[in-house]
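Enquirer:
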Amino acid sequence: MSDTPPGPGLRIPALASMLDAMRQGLCAVDREGRVTFVNRAACALLGVTPAQVLGQGVQRFLVAPPAPGEEAARARRLSGSFGQRQTLKLTRADGAPLTVAYVVDPLVEGGERVGALVSFEDVTERERTEGQLREAQRTLSTLMANLPGIAYRCQNNRDWTMEFMSEGTLALTGYPPERFLGPGGLSFNTIIHPEDQADTWERVQAALARRAPFQLTYRLRCRDGSERWVWEQGRGVWSADGRLLALEGFITDITERKQIEARLVASDRMASVGMLAAGVAHEINNPLAYVQANVGFVSDVLAREGRALAPALVEEAQQALQEAREGTQRMRDIVRDLRTFSRVDDAVLAPVDLERVLDSASSIASNEVRHRARLVRVRGGVPQVLAHEGRLVQLFVNLIVNAAHALPEGQVERHEIRLRTAAAPTGEALVEVQDTGSGIAPELLPRLFEPFFTTKPAGRGTGLGLSICQGIVAALGGSIEVQSAVGQGSTFRVRLPAAPAASTAEPAPPSPASAPARRGRILIIDDEALVGAALRRTLARAHEVHVTTRADEALARLASGEHFDLILCDLMMPHMSGMDFHAALAERFPVLLPRVVFLTGGGFTPRARAFLEAVPNAKLDKPFDPEALQALVQARLQGA
């Protein structure tokens with residue numbers, strides 16, 4: 203037992219003995235605040251002996267030296283505020299910090315207060331733990347507030363009733379988090395895109411059935427009407443007895459990633475279309491070349507030898523051949539338009555004729571336009587622009603098709619799509635695509651160029667066309683804007699910087715008197731035997747023509763000593779290409795390099811395109827006009 207005498211109100215020995223044995227620290231003070239009793243737990247807690255504190259003022263009993271002016275206040279706290287639990291930071295006799303929680307109760311004898319009983323306990327560790335918990339909560343709150351997304355806890359019901367949402371809710375959805383909380387809050391399901399609601403529910407339920415985490419991708423409709431793609435990861439929270447208590451997870455905005463993915467898909471699609479177009483162009487141009495050459499050959503034969511035939515028959519045959527020429531010309535124009543799509547990834551900017559671009563775009567989009575409207579061209583002297591021709595064709599195909607889709611089918615006489623070109627007062631190139639369609643509501647205009655936004659019915663459009671158009675124009679330093687009114691149609695206006703003016707060329711020397719035609723020895727190399735045969739027919743009257751289908755055979759003939767004044771060589775061939783043939787000539791017969799003219803069908807690989815840009819040799823595109831072919835051959839022979 204403690205050897206302290208009982209204090210006021212503690213004069214019953216059994217009571218004093220019981221208090222001394224308690225685990226809780228206890229001390230009694232008289233009316234003057236002197237310690238009259240202290241138990242063993244109090245002494246152990248403070249690191250003192252009873253002799254050190256008995257008879258001392260209570261403020262001395264508490265070893266921590268009070269700050270100036272604090273001693274009286276501390277004594278009042280210890281002797282007053284009866285029954286109230288308070289805390290106090292102390293220092294043990296050995297210097298260790300200590301936090302105690304204490305309660306002061308009055309000691310009464312004969313109806314008179316004779317002192318007080320102070321009970322206290324060590325709460326140092328609890329205070330430290332609570333402090334750490336508060337710091338952890340503060341850190342968590344800061345993290346939640348700065349997360350680029352939404353941390354949440356919700357109930358597993360069709361409304362996804364929210365119990366907690368982080369502050370990132372406002373930035374992502376436009377709604378403050380408290381708007382969703384509780385049974386009376388806004389249903390989170392209502393801002394999930396209607397097309398995604400069922401799938402979201404089913405996938406979460408399937409994951410919960412397996413007690414597995416879930417990952418979702420879906421669209422949200424935000425407060426301002428915009429749509430955002432989000433990625434969500436979450437899991438169920440289960441009680442010890444297996445009940446599902448809630449769902450917890452995180453939602454983050456992936457709209458930008460989706461836009462990049464969509465543009466990559468569109469770019470891959472255009473690259474595929476380009477490769478297909480290049481292949482189609484090459485495969486069509488080869489037969490078209492010999493059809494056109496043979497038509498020209500037959501026409502020449504009829505003109506020379508047709509005297510033995512009836513004049514009416516010759517005239518009819520020539521008319522048929524002219525119609526065939528027009529058909530091949532139309533096919534050549536279609537192939538030319540297709541070839542522009544094989545150049546959408548060209549890295550080199552070059553001066554581009556916008557009128558020619560609009561010709562190609564109109565031709566490609568004609569199937570969408572012809573049943574809806576008349577296509578009207580208003581040409582206004584537009585300057586050339588520095589651009590990628592293929593990308594500009596893609597731009598205006600999109601705009602023309604969009605205009606067509608704003609018009610109903612079967613009312614061609616009532617509607618028109620007008621393409622107007624002009625030089626803007628600022629010197630820029632200006633192109634307008636105007637339609638007489640239904641127009642666009644004013645509230646939709648600001649969002650028209652947003653990725654994934656479309657005014658077309660569900661399933662009709664991806665919402666990427668105008669976004670891609672804006673990207674093409676912006677990359678060229680231009681601008682695109684729209685003017686529209688409901689019921690009055692729309693006008694898309696594209697402005698592009700004009701190409702720098704070309705330096706003034708030196709005046710060409712006066713042409714000499716026409717030189718007499720020169721007969722030459724010509725070698726034709728083309729893997730298409732019919733192309734070679736058609737070229738031979740076209741040139742054989744004026745020249746000695748030899749044909750081979752393999753470039754390695756041509757090299758062998760040159761190595762054997764055969765002489766040729768001119769070599770017409772196809773660029774893209776199996777076994778040995780025109781590029782490989784050129785390299786072999788450079789190594790073995792460099793003097794012959796200027797005599798090579800390359801024939802191209804349009805199926806350019808990046809290597810072939812770079813090669814043609816690097817070499818000075820003349821080039822002739824298939825299909826070629828017979829007169830142009832003969833003129834080129836004669837010019838090369840006379841210049842040799």
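Each residue of the sequence shown is one higher than the last, beginning at 203 in the numbering used here.
For glycine and all other residues, C-beta sits at the position ideal for the given N, C-alpha and C.
Values in this document were obtained by computation on a predicted structure and should not be read as measured data.
Is the distance from the Cβ of residue 741 to the Cβ of residue 769 below 7 Å?
Expert: Going by beta carbons, residue 741 and residue 769 fall outside the 7 Å limit.
Enquirer: Would you call residue 594 buried or exposed, if buried means 16 or more other Cβ atoms sit within 10 Å of its Cβ?
Expert: buried
Enquirer: I think residue 819 touches residue 791, with their Cβ atoms under 8 Å apart; what is that distance to the nearest whole Å?
Expert: Incorrect: roughly 14 Å between the Cβ atoms, too far for contact.
Enquirer: What three-state label does DSSP hand residue 428 in the structure shown?
Expert: Three-state DSSP puts residue 428 in coil, outside helix and strand.
Enquirer: Quick one: complete alpha helix (DSSP H) runs, 4+ long, within the segment 326-356?
Expert: 326-348
Enquirer: I believe residue 295 touches residue 249 by the beta-carbon criterion, under 8 Å. Please report the beta-carbon distance rounded to the nearest angstrom.
Expert: 4 Å
Enquirer: Residues in its own chain within less than 7 Å of residue 408 by CB, not counting five upstream and five downstream?
Expert: none
Enquirer: Enumerate in chain order the residues of its own chain whose CB-to-CB distance from residue 297 is below 7 Å, with the five nearest sequence positions on each side excluded.
Expert: Excluding its 5 nearest sequence neighbours in each direction, residue 297 has no C-beta neighbour in its own chain below 7 Å.
Enquirer: Return the chain-ordered list of same chain residues with a C-beta closer than 7 Å to the C-beta of residue 425, the five sequence neighbours on each side being excluded.
Expert: 375, 376 and 377
Enquirer: Does the segment 722-739 touch the segment 481-492, meaning 3 or more C-beta pairs lie closer than 8 Å?
Expert: yes
Enquirer: Residue 406 lies in the alpha helix (DSSP H); which residues open and close that run?
Expert: 396-411
Enquirer: Taking its Cβ as the centre, do 16 or more other Cβ atoms sit within 10 Å of residue 596, making it buried, or is it exposed?
Expert: buried
Enquirer: Report the residue from 287, 350, 243 and 672 whose alpha carbon sits nearest the alpha carbon of residue 457.
Expert: For the residues 287, 350, 243 and 672, the minimum Cα distance to residue 457 belongs to 350.
Enquirer: How long is the line joining the alpha carbons of residue 525 and residue 565, rounded to whole angstroms?
Expert: So the alpha carbons of these two residues sit roughly 20 Å apart.
Enquirer: Considering Cα atoms alone, identify which of 766, 433 and 600 is closest to residue 838.
Expert: Nearest of 766, 433 and 600 to residue 838, Cα basis: 766.
Enquirer: Figure out for me which residue from 586, 810, 572 and 328 has the closest Cα to the Cα of residue 602.
Expert: 572
Enquirer: Buried or exposed for residue 222, please, with buried defined as at least 16 other CB atoms from any protein chain shown within 10 angstroms of its CB.
Expert: buried
Enquirer: Using the rule of at least 16 other Cβ atoms within 10 Å of the residue's Cβ for burial, across every protein chain shown, is residue 711 buried or exposed?
Expert: The predicted position of residue 711 is uncertain, since its pLDDT is 46 and thus under 50; a value taken from the coordinates is nonetheless stated next. Under a 10 Å Cβ-count criterion, residue 711 is classified as exposed, with fewer than 16 other Cβ atoms of the shown protein chains found around its own Cβ.
Enquirer: I'd like to check one pair, residue 617 with residue 589: are the Cβ atoms closer than 7 Å?
Expert: no
Enquirer: Looking at C-beta atoms only, is the number of pairs between the segment 316-331 and the segment 403-422 that lie closer than 8 Å three or more?
Expert: no
Enquirer: Would you give the residue range spanned by the beta strand (DSSP E) that residue 588 belongs to?
Expert: 587-589 is the extent of the beta strand (DSSP E) around residue 588.
Enquirer: I need the boundaries of the alpha helix (DSSP H) containing residue 790, first residue and last residue.
Expert: 780-790
Enquirer: So, using beta-carbon positions, are residue 496 and residue 736 closer together than 7 Å?
Expert: yes
Enquirer: Can at least three beta-carbon pairs, one atom from the segment 671-681 and one from the segment 607-616, be found at a separation below 8 Å?
Expert: no
Enquirer: Our contact map puts residue 440 next to residue 449 with C-beta atoms below 8 Å; I'd like the distance itself, whole angstroms only.
Expert: About 11 Å; that fails the 8 Å criterion.
Enquirer: Can you give the Cα-Cα distance for residue 510 and residue 504, rounded to whole angstroms?
Expert: 10 Å
Enquirer: Helix, strand or coil: which one does DSSP assign to residue 775?
Expert: coil
Enquirer: Take the Cβ of residue 833 as the centre, count every other Cβ of all protein chains shown within 10 Å, and call the residue buried at 16 or more, exposed below.
Expert: exposed
Enquirer: List the DSSP bridge partners of residue 416.
Expert: 436
Enquirer: For the candidate residues 258, 233, 578 and 288, whose alpha-carbon lies nearest to that of residue 311?
Expert: 233
Enquirer: Residue range of the alpha helix (DSSP H) that residue 808 falls in?
Expert: 808-816
Enquirer: Counting along the chain, where does the beta strand (DSSP E) carrying residue 683 start and finish?
Expert: From DSSP, the beta strand (DSSP E) with residue 683 extends over 681-687.
Enquirer: Give the list of continuous beta strand (DSSP E) stretches no shorter than 3 residues that lie fully inside the segment 287-325.
Expert: As for any beta strand (DSSP E) of minimum length 3 sitting wholly inside the segment 287-325, the runs are 288-293, 299-311 and 314-324, ordered along the chain.
Enquirer: Going by CA-CA distance only, name the one from 330, 622 and 634 that's closest to residue 300.
Expert: 330
Enquirer: For residue 798 and residue 784, which I take to be in contact (beta-carbon distance under 8 Å), what is that distance rounded to the nearest angstrom?
Expert: Contact holds; Cβ gap of about 7 Å.
Enquirer: If residue 625 sits next to residue 584, beta carbons under 8 Å apart, how far is it from one beta carbon to the other, in whole angstroms?
Expert: 6 Å
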